[in-house]
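S.K.: Taken in sequence, the protein lines are chains G and Z. So the first sequence is numbered by the working numbering: it starts at 22 and just counts up by one. So the second sequence is numbered by the working numbering: it starts at 22 and just counts up by one.
Number of protein chains: 2
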Amino acid sequence: MSQEGIHLETSLGYLLKQASSELRAAMEAVLRPLGMTVTHYSCLELLAQRPGLSNSELARGAFVTRQSMNVLLQALERDGYVTRPTEARVGRVSPAQLTPRGRQSLEQASAAVRSVEVQMLGGMTPEEQATAHHVLNRMIRALRNADEDSLE
Amino acid sequence: MSQEGIHLETSLGYLLKQASSELRAAMEAVLRPLGMTVTHYSCLELLAQRPGLSNSELARGAFVTRQSMNVLLQALERDGYVTRPTEARVGRVSPAQLTPRGRQSLEQASAAVRSVEVQMLGGMTPEEQATAHHVLNRMIRALRNADEDSLE
DNA sequence: AACAGTATGTCAGAATGCTGACATGAGTCA
DNA sequence: TGACTCATGTCAGCATTCTGACATACTGTT
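Next up, the structure:
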């Protein structure tokens, strides 16, 4: 059982992956008793904050492909958590809405996830939280620009 | 095509997931031409920095289950990138080693991944990098403690 | 020495997500 | 109007990872 730090600990990329992995595990742990997966929860939370999001938009927001989100949405619709108009009004986009049942199901999950985030923020001061916010945004922007650069 | 920021952007957890997702995508993009997956690369990199790691230790380092790492290791062994002793000397642990071929294959991948990390660090000052390092470690520690707490 | 507890390697089945592909509708430009 | 491009929803097949399970080996306790 050797658990001393690897040299990779000096890599921000590795740290990022590690933190994300830990966060995901913690979320899965609190969502499992509710019979909910992380993507499942992300979908509901996105719909609560932005009613009318389409399948593709939800997929982008939950960091999965639109195909994956589609099967999830169909299940959620079948089980009565969300509704989608039978026919699209504009283009092929069919905006999704939470049902009261979906909203209720989200409430407990949202509280559970909030507790995880509070745990994660631990004893961080508001200043530290602000710098974390700032630094993560910097990384995201830098990586996104790299993608665009390679596309031309 | 509505791409304006969601309210969730104020959540550090969401930002973390976003950054991690972006980083993973960027790594996949540069590793694909080399016929290598992220877990594949992680395994080789870990072995280069810490020769003799066992299957389970590699799994933890690459953030996958030991079962997943096992199938990868078997493939890598079959293709001559790593070697493992046919019989364990102590317990069931069989330490893995990179072959020259594995080391060579890693070289290009390592350079590619380094370029991604440089891109990610973008115009970040050394101070910002240090705070990023610090803040991510804080989050990781807080989440890990939460896990231990729930185990008792 | 016997025991429980824990960690490991490994196999098999299940779940989840992804890639490929297709048809449809909107926007653009000649 | 017609051709081209792009985004969307959706289906099918594939890949990767995970969960469950088992045998084995070390560790510490009584």
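Ideal Cβ positions, reconstructed from N, Cα and C, are used throughout, including at glycine.
Can you give me the C-alpha to C-alpha distance between Pro-54/Z and Ala-133/Z, rounded to a whole angstrom?
M.R.: Answer to the nearest angstrom: the Cα atoms are 10 Å apart.
S.K.: Quick one: grab the DSSP three-state call for Val-85/Z.
M.R.: Looking at Val-85/Z - three-state DSSP - the assignment turns out to be coil, as it is neither helix nor strand.
S.K.: Whole alpha helix (DSSP H) runs in the segment 86 to 166 of chain G with 4 or more residues, listed along the chain?
M.R.: The qualifying runs are 87 to 99, 121 to 142.
S.K.: Can you pull the chain Z residues whose beta carbon is under 7 Å from the beta carbon of Gly-34/G, in chain order?
M.R.: What Gly-34/G touches in chain Z: Leu-44, Glu-138, Met-141.
S.K.: Go through its chain and collect everything with a Cβ distance to Thr-152/G's Cβ below 6 Å, but skip five positions before and after it.
M.R.: Cβ within range, chain order: n/a, list empty.
S.K.: Around the Cβ of Gln-140/Z, are there at least 16 other Cβ atoms within 10 angstroms (buried) or fewer (exposed)?
M.R.: Result: buried.
S.K.: Can you tell which of Glu-138/Z, Glu-148/Z, Gly-123/Z has its C-alpha closest to the C-alpha of Leu-67/Z?
M.R.: Considering only alpha carbons, the answer is Gly-123/Z.
S.K.: Have a look at Gly-143/G, Ser-115/G, Met-48/G, Ala-47/G and flag the residue whose alpha-carbon is nearest the alpha-carbon of Ser-77/G.
M.R.: The residue with the shortest Cα to Cα distance from Ser-77/G is Ser-115/G.
S.K.: Output, in sequence order along the chain, the residues in the segment 64 to 91 of chain G whose CB is closer than 8 Å to any CB in chain Z.
M.R.: Those residues of the segment 64 to 91 of chain G that come within reach of chain Z (Cβ to Cβ, closer than 8 Å) are Glu-66, Leu-67, Gln-70, Arg-71, Glu-78, Gly-82, Phe-84.
S.K.: In terms of residue numbering, what span does the alpha helix (DSSP H) encompassing Thr-58/G cover?
M.R.: Element bounds for Thr-58/G: n/a, residue is neither H nor E.
S.K.: If the cut is a Cβ gap below 7 Å, which residues of chain G does His-154/Z touch?
M.R.: Neighbours of His-154/Z on chain G, chain order: Leu-33, Leu-36.
S.K.: Based on Cα-Cα distance, which residue from Gln-39/G, Lys-38/G, Glu-49/G lies nearest to Ser-136/G?
M.R.: Taking only the C-alpha atoms, the option nearest Ser-136/G is Glu-49/G.
S.K.: Cβ of Leu-164/G within 8 Å of Cβ of Glu-43/Z?
M.R.: Yes. Within cutoff.
S.K.: Note the first and the last residue of the continuous alpha helix (DSSP H) segment covering Leu-44/G.
M.R.: Its alpha helix (DSSP H) spans residues 33 to 52.
S.K.: Examine chain G for any beta-carbon lying closer than 8 Å to the beta-carbon of Leu-119/Z, and answer yes or no.
M.R.: Taking Cβ atoms only, chain G never reaches closer than 8 Å to Leu-119/Z, which makes this a no.
S.K.: Under 7 Å Cβ-Cβ, which residues of chain G neighbour Ser-41/Z?
M.R.: Those within 7 Å of Ser-41/Z in chain G are Leu-37, Lys-38, Ser-41.
S.K.: Quick one: does Met-145/G have its CB under 8 Å from some CB of chain Z?
M.R.: Judged by the 8 Å Cβ criterion, Met-145/G is in contact with chain Z.
S.K.: Going by beta-carbon coordinates alone, are Val-103/Z and Thr-120/Z separated by less than 8 Å?
M.R.: Their beta carbons are under 8 Å apart, which means Val-103/Z touches Thr-120/Z by this criterion.
S.K.: Can you find a C-beta in chain Z that's less than 8 Å from the C-beta of Gln-150/G?
M.R.: It does: the Cβ of Gln-150/G has a partner Cβ on chain Z nearer than 8 Å.
S.K.: Please report the distance separating the alpha-carbon of Leu-33/Z from that of Gln-129/G.
M.R.: Near 20 Å, if we compare the C-alpha coordinates of Gln-129/G and Leu-33/Z.
S.K.: Buried or exposed for Leu-37/G, please, with buried defined as at least 16 other CB atoms from any protein chain shown within 10 angstroms of its CB.
M.R.: Looking at its Cβ environment, which holds 16 or more other Cβ atoms inside 10 Å, Leu-37/G is buried.
S.K.: Using a cut-off of 7 Å between C-beta atoms, extract the partners of Pro-157/Z located in chain G.
M.R.: The question names Pro, but residue 157/Z in the sequence shown is Leu. Chain G residues near Leu-157/Z: Leu-36, Leu-37, Ala-40.
S.K.: Please confirm whether Glu-98/G and Arg-87/G have their CB atoms less than 8 Å apart.
M.R.: Not a contact, by the Cβ cut-off of 8 Å.
S.K.: Thinking just about the alpha-carbon of each residue, which of Glu-138/Z, Gly-144/Z, Arg-162/Z is nearest to the one in His-155/G?
M.R.: Here the closest residue by C-alpha is Gly-144/Z.
S.K.: Quick check: the Cα distance between Tyr-62/G and Ala-83/G, rounded to an integer number of angstroms?
M.R.: Roughly 9 Å separates the two Cα atoms.
S.K.: Establish whether the CB of Leu-164/Z and some CB of chain G are separated by less than 8 Å.
M.R.: Judged by the 8 Å Cβ criterion, Leu-164/Z is in contact with chain G.
S.K.: Kindly list, in the order they appear in chain G, the residues whose Cβ is closer than 7 Å to that of Met-160/Z.
M.R.: Neighbours of Met-160/Z on chain G, chain order: Ala-40, Met-141.
S.K.: Closest to Thr-60/G by C-alpha separation, out of Ala-96/G, Gly-73/G, Pro-72/G, would be which residue?
M.R.: Of Ala-96/G, Gly-73/G, Pro-72/G, the residue nearest in Cα terms is Ala-96/G.
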